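In the working numbering, the protein residues as written are 3 to 465. Glycine included, each C-beta is placed from N, C-alpha and C at the ideal position. As the structure is a prediction and not an experimental result, all values here were calculated from the model. Read through the structure below, which is laid out as structure tokens, and then see the notes.
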């Protein structure tokens, strides 16, 4: 007898493609355009698996997930969405989703996930329904790489497992740690962050574990360390790869036994803290060099979340840039501004060695320094200068990389978008060069003045 799968999605094309693939695999499929249609017959007949989109008319997919879990906690539900973020992903898993699929998805991966979920359906574990949390604006992205990050956060946030966050400097490792805390059962407890590389080695032990009065010269009174401050919550240890070996031993004892002494103290202190560590270094290489304890690495690296550099998620640059520009204006009490198409195109071509942090700082500077309401490429001198050599050398290489990145992200309409961005850059730069004189700009560009005016105003021929 064929296993029955229900698909709830208001997009006819998604339902058609997904249903066809599932039927080819031998499943019986029934399609629904909204949650109400599913719930209307749920008490009479139920599927082996329900697959639901998040955004639908009426009740959304998360509401449908809650209702189904309340009525039939053993029926697995897979959630699908083109708008993946930490909060939605974590809410889906916390409510009991068997899996979370980010659109656009690879059908082979979907079919593999379906087979896995159906195979595990007999051991599906009920999860307590929790209220949805506020959106987390710090982690932004719709790229495939960020979808996977959100998925991992959603999977492990509610557990007590230690997590190791890896990634280059500036990729947002602390944001991941905060998201894990805020989506966990410890969210009401403290979140304490410590950059172990920023504290001198001789002070780090006291910073972590505290000290008693008289423990060393200058210790005039008892001091509570970060472990005690984080009690019942989360302790985020950034740049863990820089921790001295002597302190690695003490940290290992705490992780193994859940207890420690203050420096100079005799009272054993119990610790109920979740550890999230982060590093931009290769811990395996440090272990091989004898600079990091293998047993400590295994304690910290229970679950690993690897953050991609910004150059590997170029599709997120525009969304991040607009967000950072708006936030900077709001925080600094400045008028709202926007990036021109030419400026956005230049940002998307940049490699950003400093990653998201570099982009954020650039946007904050633009919010203050750009004189008009629109941030032009000329308002980003560092970007314009760094691009000049590349454009003079072989600008087609940049276009080639952009095209590859867009195709990898599954994006469409590449030609009109590239054409519009190229024209915008040409027009802005030329008009700036001639101080806004359109007749001279048109001559330099090899266009008629009317053609240039029409393109600048967005008119179509014959309008």
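Taking just the CA atoms, how far does residue j sit from residue i?
i           : j           : result
residue 341 : residue 327 : 8 Å
residue 443 : residue 143 : 38 Å
residue 240 : residue 178 : 12 Å
residue 50  : residue 238 : 41 Å
residue 332 : residue 174 : 21 Å
residue 16  : residue 31  : 13 Å
residue 129 : residue 91  : Low local confidence applies: a pLDDT of 32 at residue 129 is under 50, so the model's placement there is unreliable, and no value is given.
residue 9   : residue 79  : 10 Å
residue 18  : residue 105 : 15 Å
residue 325 : residue 233 : 34 Å
residue 14  : residue 3   : 27 Å
residue 317 : residue 323 : 11 Å
residue 216 : residue 224 : 8 Å
residue 235 : residue 191 : 4 Å
residue 454 : residue 311 : 39 Å
residue 336 : residue 261 : 49 Å
residue 118 : residue 73  : 23 Å
residue 273 : residue 103 : 37 Å
residue 243 : residue 296 : 12 Å
residue 43  : residue 34  : 11 Å
residue 301 : residue 267 : 25 Å
residue 277 : residue 171 : 20 Å
residue 6   : residue 48  : 8 Å
residue 121 : residue 287 : 38 Å
residue 416 : residue 423 : 11 Å
residue 1   : residue 345 : Past the edges of the chain, shown from 3 to 465, lies residue 1, and the structure says nothing about it.
residue 354 : residue 54  : 37 Å
residue 200 : residue 189 : 26 Å
residue 187 : residue 157 : 13 Å
residue 68  : residue 114 : 25 Å
residue 153 : residue 20  : 21 Å
residue 309 : residue 440 : 46 Å
residue 1   : residue 280 : What the structure shows of the chain is the stretch from 3 to 465, and residue 1 is not part of that stretch, so it cannot be assessed.
residue 445 : residue 367 : 34 Å
residue 433 : residue 183 : 50 Å
residue 97  : residue 77  : 13 Å
residue 291 : residue 151 : 29 Å
residue 357 : residue 176 : 14 Å
Report back the beta-carbon spacing between residue i and residue j to the nearest angstrom; my notes put them in contact at under 8 Å.
i           : j           : result
residue 159 : residue 185 : 4 Å
residue 167 : residue 307 : 5 Å
residue 37  : residue 58  : 6 Å
residue 141 : residue 94  : About 16 Å separates the two Cβ atoms, so there is no contact after all.
residue 347 : residue 427 : 6 Å
residue 379 : residue 364 : No, residue 379 and residue 364 are not in contact; Cβ-Cβ is about 12 Å, not under 8 Å.
residue 209 : residue 227 : 6 Å
residue 376 : residue 339 : 7 Å
residue 24  : residue 40  : With a Cβ gap of about 16 Å, residue 24 and residue 40 do not count as contacting.
residue 304 : residue 164 : 5 Å
residue 398 : residue 350 : That belief does not hold up - the Cβ atoms of residue 398 and residue 350 are roughly 16 Å apart, past 8 Å.
What residues are listed by DSSP as bridge partners for residue i?
i           : result
residue 8   : 32 and 52
residue 120 : In DSSP, residue 120 forms no bridge with anything.
residue 434 : Residue 434 pairs with nothing; no bridge assigned.
residue 408 : Looking at the DSSP assignment, residue 408 forms no beta bridge with any residue, so it has no partner.
residue 166 : 279 and 306
residue 377 : 341
residue 197 : 240
residue 213 : 225 and 265
By alpha-carbon positions, which one of the options ends up nearest to residue i?
i           : options               : result
residue 169 : 11, 257, 282 and 23   : 282
residue 230 : 256, 244, 250 and 123 : 256
residue 82  : 246, 116 and 375      : 116
residue 412 : 107, 210, 209 and 75  : 107
residue 420 : 401, 224 and 431      : 401
residue 314 : 287, 406 and 275      : 406
residue 245 : 289, 223, 219 and 235 : 289
residue 219 : 73, 329, 265 and 435  : 265
residue 75  : 54, 55, 123 and 155   : 123
residue 248 : 204, 260 and 278      : 204
residue 193 : 180, 52 and 439       : 180
residue 11  : 202, 62 and 27        : 62
residue 84  : 149, 28, 408 and 357  : 149
residue 211 : 292, 270 and 176      : 270
residue 112 : 77, 358 and 27        : 27
residue 299 : 250, 321 and 334      : 250
For residue i and chain E, any beta-carbon pair shorter than 8 Å?
i           : result
residue 285 : Annotation note: the requested chain E is absent from the structure, which comprises a single protein chain.
Counting only runs that start and end within the segment 72 to 105, where is the beta strand (DSSP E) found for 3 or more residues in a row? 79 to 83 and 101 to 104
Curious, which full-length alpha helix (DSSP H) runs of at least 4 residues does the segment 218 to 287 contain? 228 to 231 and 247 to 259
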